[in-house]
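Step one of this worksheet: look at the structure below.
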Amino acid sequence: MEKSRPAPTICNIGNFTLEQVASYNIHIDTGNTKTPSVITLHEVPGFLIEAFSKFQQLEGCRIEGVFRKEGNSLRRKENPMPVFFGTKMIPPNFLVHDVCSWIKKFFRELRQPIFVTRETRLLKFAESLNGDVLFRALISLLDRLPPSHMGTLGYLMRCLQEVKIN
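Residue numbers (full-length UniProt numbering): 1 to 166.
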């Protein structure tokens, strides 16, 4: 893991973009023995890396409904922006549901969602496709995403897959 963008000096703004937060390039071994199996997810927000690490540390996979239930109301009201931007760590008193609430809030606060209107329309269109046509349409969609969106999406999907498996 290598730092791709440092934390900004000003982090108390409302809606932000993925390009404004501290981020890392993460090298992941996919486990494929037939082809080179290390991929790099570019510009993954440091907050997500920390949040899912804390989730694992707190054994969040053992708790049912972690993303459905909200965390403690007092902890949810704490200002998350310094943590989202990477200038502060997640408070040590946070529990699994608190961390998951902030993960959801992180994505809600983004000024530009990972999939903007154009990509959302393509995803709707792709619902009617199948097989190779669907695969090519999805690859085409992903190729159009900025590196920060692609890295964030890839990291999020890998983490959620891990939650599902466990």
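Where a beta carbon is used, it is the ideal one built from N, C-alpha and C, also for glycine.
By the criterion of a C-beta distance shorter than 6 angstroms, E19 is surrounded in its chain by S148, once the five residues flanking it on both sides are discounted. Distance check between K105 and each of L138, E70, P91 places E70 closest, using alpha-carbon atoms only. For the alpha helix (DSSP H) assignment, the uninterrupted runs of no fewer than 4 residues enclosed by the UniProt domain "Rho-GAP" (36-166) are, from N- to C-terminal side, 46-57, 73-76, 81-85, 96-109, 117-126, 131-143, 147-165. If you draw a straight line from the Cα of T87 to the Cα of P8, it is about 8 angstroms long. No Cβ-Cβ contact shorter than 7 angstroms links S23 with P6. N15: not part of any beta strand (DSSP E); DSSP gives it neither H nor E. Exclusion of the five residues before and after L48 leaves I103, F106, T152, Y155, L156, C159 as the residues of its chain whose Cβ lies within less than 8 angstroms of its Cβ.
Within the same chain, no residue comes within 7 angstroms of R62 by CB-CB distance, once the 5 residues on both sides are set aside. At the C-beta level, V83 and I90 come within 7 angstroms of one another.
Shortest Cα-Cα distance from V66 to any of C100, F52, N15 involves C100.
Classified as exposed, F135 has fewer than 16 neighbouring CB atoms from the shown chains inside 10 Å of its CB.
CA-CA distance, T33 to M1, rounds to 22 angstroms. Judged by their CB atoms, V21 and F85 are nearer to each other than the 7 angstroms cut-off. For N25, the enclosing beta strand (DSSP E) starts and ends at 23-29.
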